[in-house]
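Accompanying notes for the structure given below.
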Amino acid sequence: MKSIWTKTAALPAFSVLEGHQQADVAVIGGGLAGMLTAAALRREGAEVVVVEADRIGGGQTAGTTAKLTAQHGLKYHQLIQTLGAEAAGQYARANLAAVERLRQLVREWSIECDFQDCTSFLYAVGAPGPLEEEHDACLALGMDVFLTRDTELPFAAQALGLRNQACFHPLRLLAALAEGLTVYEHSRVLTVEEHALSTERGSVSAERIVFACHYPFINMPGYYFTRQHQERSYVLALKGTKNLQNYYLGIDGEGLSFRSWGDTLLLGGGGHRTGENREGGKYALLEQAARRYWPDCRVAARWSAQDCMPMDGVPYLGVFADSRPSWLVATGFQKWGMSSSVIAAELLRDLALGRTSPQDLSVFSPHRFHLSASAKQLAEDTLQAVRGLSRQLWKPGRIPLEELPYGHGGIVEIDGEKFGVYRDKSGEIHAVTARCPHLGCQLEWNPDTLSWECPCHGSRFDLDGRLLDGPAQEDL
Ligand SMILES: Cc1cc2nc3c(=O)[nH]c(=O)nc-3n(C[C@H](O)[C@H](O)[C@H](O)COP(=O)(O)OP(=O)(O)OC[C@H]3O[C@@H](n4cnc5c(N)ncnc54)[C@H](O)[C@@H]3O)c2cc1C
Ligand code: FES
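Under this note's numbering, think of the first position of the sequence shown as 41, with each following residue one higher.
Structure representation (structure tokens):
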């Protein structure tokens, strides 16, 4: 289930890291955050090495809808309530500047990535109150927003527009960023020390190490696994629909996302905490919605991806942990990684080069902790971790092996040990341990993606146990 981006970008291929390398900065991860950070450092003359576990652009960046916007759902009303107007203002200014910076970069480097200026919209089909609150919050922060009922959507809705935003082809941008960079692919980082990292066949020594690997895989220090969980969403690429000039995200009802790329409409939705889609049906729901609005449309591609959801709704960008001043991190993008990656790249570049950022970006500091803003999510995440562990330790299997239907996956107990078993459509059994190698929670089957997912922190594995997404770093 490849995304349209993967099918339509020619990404350069790089060799495996072998032997020992020396650099000023080593970047772990060749997604948008890692490649933008590496390019920003390279531009300043730093020696940078990017080390990627798989292929560049093979992670969540391949599954994005690539809306480049400072409009991150109903963000600003909530931020003003929880963190205050100053922090909300920092967040808004940083994201607005990020949109502009990427626009400038694309122009300056003449990058062919279908970059298109547009208006970003939130829409509501029900009560307009939340949109109006968000409108007032955005206006108070100086954002160029307006309320309207005039949209391109195929149904009536109230919408909140933010002018001067953009969208692009994420992997064509990545291909351009890769030019001139030293990148190693198929080189999973296994261990990290203060100034060095190692893979199976090589190592890099560097003054600074950047964790741009989506979810930091080192548990301590940093403890990022206690500060964020992951959520998954689904996308259909549709032909035979209307082409939209702008893009839209629903804040109520089905909460669908609409964005066009040429004559293809990307319809997104079905979000859930990773590990909580045992019943499946997310693609079917999206397809039903598509046919309701465009009965003759055709599904050209479908895929899903996930992102890290920080407890207080703000990414973690900066020094990884007090006890590791040479490590830097960019994570917790909450499905808004396009603008957040630009902020991360500039902030981490400045930190790596020992400069002070021109903007106050302390709202993103990984060292912050706001109990009032985080309490609800902290309680929910703790509950999920306790549930995941206790299911693994105490609860029996859910279904006897012989009762597992063809084309279904489930937790089966055999001789007191639990297995995740998928009986494929031809009847062949695929069995893996049901215990997540990250911290031991019980995995759950996702019938839409045919994969095992961990509800605790969101690691994923294919039906034969191969690692798909971290924080786990090994196969089942
Ligand atoms: C369905 C969906 C739609 C979205 N749409 C939007 C949108 O419209 N606008 C927006 O702003 N954001 C959007 N997002 C969010 C955005 O896609 C992500 O935030 C962003 O792509 C994350 O980029 P990244 O570089 O952090 O991660 P990734 O792209 O996942 O890159 C991390 C890389 O690190 C590598 N890696 C991991 N572990 C190791 C290791 N041990 N050693 C070496 N390499 C390692 C991985 O292989 C991967 O290539 C969306 C998210 C989803 C789920
Ligand atoms: S991802 Fe942490 S226990 Fe599974």
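Think of the CB as a built atom: it goes at the ideal place given N, C-alpha and C, for glycine as much as any other residue.
Give the DSSP-derived three-state secondary structure of residue i in the structure shown.
{"i": "V223", "result": "strand"}
{"i": "W45", "result": "helix"}
{"i": "K282", "result": "coil"}
{"i": "I291", "result": "coil"}
{"i": "H36", "result": "Not covered by the structure: residue 36. The range shown for the chain is 41 to 516."}
{"i": "M351", "result": "coil"}
{"i": "Q61", "result": "strand"}
{"i": "T422", "result": "helix"}
{"i": "H448", "result": "strand"}
{"i": "Q374", "result": "coil"}
{"i": "N317", "result": "coil"}
{"i": "H269", "result": "strand"}
{"i": "S243", "result": "strand"}
{"i": "K465", "result": "coil"}
Rounding to the nearest angstrom, what Cα-Cα distance links residue i and residue j in this structure?
{"i": "V369", "j": "F251", "result": "5 angstroms"}
{"i": "V65", "j": "E386", "result": "14 angstroms"}
{"i": "H226", "j": "V56", "result": "6 angstroms"}
{"i": "Q417", "j": "M41", "result": "31 angstroms"}
{"i": "P335", "j": "A197", "result": "20 angstroms"}
{"i": "T191", "j": "A199", "result": "7 angstroms"}
{"i": "D362", "j": "L179", "result": "36 angstroms"}
{"i": "L213", "j": "A138", "result": "15 angstroms"}
{"i": "W301", "j": "I383", "result": "25 angstroms"}
{"i": "Y365", "j": "L391", "result": "The residue asked about is misnamed: residue 365 is Pro in this sequence, not Tyr. If I take the Cα positions, the gap works out to 10 angstroms."}
{"i": "A419", "j": "Y131", "result": "25 angstroms"}
{"i": "R248", "j": "V67", "result": "8 angstroms"}
{"i": "L326", "j": "I291", "result": "16 angstroms"}
{"i": "F409", "j": "L441", "result": "46 angstroms"}
{"i": "A277", "j": "A164", "result": "23 angstroms"}
{"i": "G394", "j": "A78", "result": "16 angstroms"}
{"i": "D188", "j": "G280", "result": "Here the sequence assigns Thr to residue 188, which means Asp is not the residue at that position. The straight-line gap from Cα to Cα measures roughly 27 angstroms."}
By Cβ distance, which residues of its chain are closer than 6 angstroms to residue i, with the 5 residues on each side in sequence left out?
{"i": "S381", "result": "L72, A73 and L76"}
{"i": "N486", "result": "N317 and E493"}
{"i": "P52", "result": "A218"}
{"i": "G69", "result": "A252 and C253"}
{"i": "G372", "result": "Q268, C348, P350, P355 and Y356"}
{"i": "G311", "result": "E271 and S273"}
{"i": "N135", "result": "A110 and S379"}
{"i": "H470", "result": "Y462, L503 and D504"}
{"i": "P168", "result": "Q198"}
{"i": "P194", "result": "Y333"}
{"i": "R338", "result": "K279 and G280"}
With a cut-off of 8 angstroms on the beta carbons, I'd call residue i and residue j a contact; round off their distance for me.
{"i": "R463", "j": "L490", "result": "With a Cβ gap of about 12 angstroms, R463 and L490 do not count as contacting."}
{"i": "L237", "j": "V91", "result": "7 angstroms"}
{"i": "V525", "j": "V89", "result": "The structure shown does not extend to residue 525, since the chain is modelled only from 41 through 516, so no value can be given for it."}
{"i": "L289", "j": "G113", "result": "7 angstroms"}
{"i": "Q424", "j": "Q346", "result": "Not quite, the Cβ-Cβ distance comes to about 15 angstroms (not below 8 angstroms), so this is no contact."}
{"i": "A512", "j": "C476", "result": "6 angstroms"}
{"i": "P210", "j": "T104", "result": "5 angstroms"}
{"i": "D488", "j": "G315", "result": "13 angstroms between Cβ atoms; not a contact."}
{"i": "L162", "j": "E172", "result": "The Cβ separation is near 11 angstroms, so there is no contact."}
Starting from the C-beta of residue i, find all residues in its chain whose C-beta is less than 7 angstroms away, skip the five residues before and the five after it, and write them out in chain order.
{"i": "C207", "result": "A106, K107, L108, Q156, C158, Y287 and R299"}
{"i": "A127", "result": "L119 and V403"}
{"i": "E294", "result": "G309 and A329"}
{"i": "T239", "result": "L57, V91, S227, R228, V229 and L230"}
{"i": "Y446", "result": "R463, K465 and G467"}
With a threshold of 6 angstroms (Cβ to nearest heavy atom), would residue i be considered close to ligand 1?
{"i": "R342", "result": "no"}
{"i": "W301", "result": "no"}
{"i": "D94", "result": "yes"}
{"i": "T304", "result": "no"}
{"i": "C337", "result": "no"}
{"i": "G70", "result": "yes"}
{"i": "M378", "result": "yes"}
{"i": "Q100", "result": "yes"}
{"i": "R248", "result": "no"}
{"i": "K375", "result": "yes"}
Say whether chain B places a C-beta atom closer than 7 angstroms to the C-beta of residue i.
{"i": "E386", "result": "Among the chains in the structure shown there is no chain B, since it carries only a single protein chain."}
Using a Cβ-based criterion (distance less than 6 angstroms to any ligand heavy atom), does residue i qualify as near ligand 2?
{"i": "H312", "result": "no"}
{"i": "S499", "result": "yes"}
{"i": "L418", "result": "no"}
{"i": "L479", "result": "yes"}
{"i": "C529", "result": "Nothing can be reported for residue 529, as the shown portion of the chain is limited to 41 through 516."}
{"i": "C494", "result": "yes"}
{"i": "C476", "result": "yes"}
What I want to know is whether the C-beta of residue i ends up closer than 6 angstroms to one or more non-hydrogen atoms of ligand 3.
{"i": "D347", "result": "Among the ligands in the structure shown, ligand 3 does not appear; only ligand 1 and ligand 2 can be found there."}
In chain order, what residues of the same chain have a beta carbon less than 8 angstroms from the beta carbon of residue i, not counting five sequence neighbours either side?
{"i": "G242", "result": "V56, L57, E58, G59, H60, Q61, Y224 and S227"}
{"i": "A125", "result": "A180 and L181"}
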